[in-house]
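Numbering (my numbering), first residue to last: 2 to 268.
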Amino acid sequence: MIDVPSTAFFRDVWRRRPLHVPGGAGQLRDFAWDRAAFDAALAAARAADPDAVRERAGEVAFVENVDRFVAAPRRRARALREHFGVGSLWFDSVRTTGPGSIGCHFDHSDNFVLQCEGVKVWRLWPAEVVPAAQRRARMLGRPGVGAVVPPEDGYVEIELRPGDLLYIPLLWPHWGVAEADSLSLSLVCGGAAACDELLELARVVLRGREVAAEALPALAGDADQRHGAVDEVRDAVRSLAAALGDERTVHAIAEVWARHRARGDEP
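Given below as structure tokens:
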């Protein structure tokens, strides 16, 4: 059995393939999570941030980032963030009353489903079944992207029982259907688009070196003056691009990224 997280897991499994670990949920969950705990989180989420809740009355309820509303998963998420070396990590939870599902979709995150109660059957497809343009849009957080019509074939099917763990790689479409009442937690490792995370760190490095500290021109005056201002901005962009391409800057940004991840910093 591959432990999660471990050297073997990150070498052989992470973002390569799903992993089912019967009885493995305890590797990631060290706190009790039952319907009473879920109901408390659901009530707190409805009061504090209704956007964190998605539900069909009497069928299925989903709470995003239960860490915000319950202390135990928040403590565990903080402890795990450094082990996974990701910029953001949190717990979601879903409860079904009778058979139910939140639908087939793909996420810009790596997910670890921890089955708490009931049985859920999962189907997973490789990320490549989703067009590349949709995958890029999902990574960039564009609205309305993520739902998938489940393909009829090419999937892996896994049955999760209480205490089981299922790892779902980044961008892999997945569809979990409960046979009856069920409750699960998901440990979510958020995936940041490189342009978002690295540009923010590049700004820190470049400001530290006082690169591009000059004021930009006003866009005013006659047509020639305006064209001249645009040309100045083009030159400033070229200077920034040159600074980013400098090997010292490349190494500095990579080192800052590594320090942030090692500390478990949020992006």
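The beta carbon of each residue, even a glycine, is placed where N, CA and C say it ideally should be.
This one's a predicted model, so the numbers in the text were calculated from it and none came from an experiment.
- Per DSSP, Ser7 lies in no alpha helix (DSSP H) and is assigned neither H nor E.
- Collapsing the DSSP output to three states places Asp232 in a helix.
- Between the beta-carbon of Leu186 and that of Ser94 there is about 5 angstroms, and that keeps the pair under the 8 angstroms contact cut.
- For Thr97, the enclosing beta strand (DSSP E) covers residues 89-97.
- A distance of 8 angstroms or more separates the beta carbons of Arg12 and Pro170.
- Restricting attention to Ser183, Pro51, Glu158, the CA atom closest to the CA of Glu60 is found in Ser183.
- One thing to note: Gln116 has its Cβ no nearer than 8 angstroms to the Cβ of Asp40.
- Phe32 places its beta carbon 8 angstroms or farther from that of Val67.
- One thing to note: Trp173 has its Cβ within 8 angstroms of the Cβ of Phe107.
- Boundaries of the alpha helix (DSSP H) harbouring Leu81: 72-85, taken from the DSSP string.
- Between the region 198-217 and the region 227-247 there are three or more inter-stretch CB-CB distances shorter than 8 angstroms, so the stretches are counted as touching.
- Rounded to whole angstroms, the Cβ separation of Val130 and Gly104 is 16 angstroms, and the two are not in contact under 8 angstroms.
- With 16 or more other Cβ atoms inside 10 Å of its own Cβ, Glu65 counts as buried.
- Annotation for Phe63: no alpha helix (DSSP H) segment contains it, though the beta strand (DSSP E) segment containing it runs 61-64.
- Secondary structure of Phe113 (DSSP, three-state): strand.
- According to the DSSP assignment, Trp123 belongs to no alpha helix (DSSP H) but to the beta strand (DSSP E) extending over 121-125.
- DSSP places Ile254 outside any beta strand (DSSP E); the residue lies instead in the alpha helix (DSSP H), whose first and last residues are 248-264.
- Cβ-Cβ distances below 8 angstroms link Ala148 to Gly104, Cys105, His106 in the same chain, with the five nearest sequence neighbours on each side left out; the list follows chain order.
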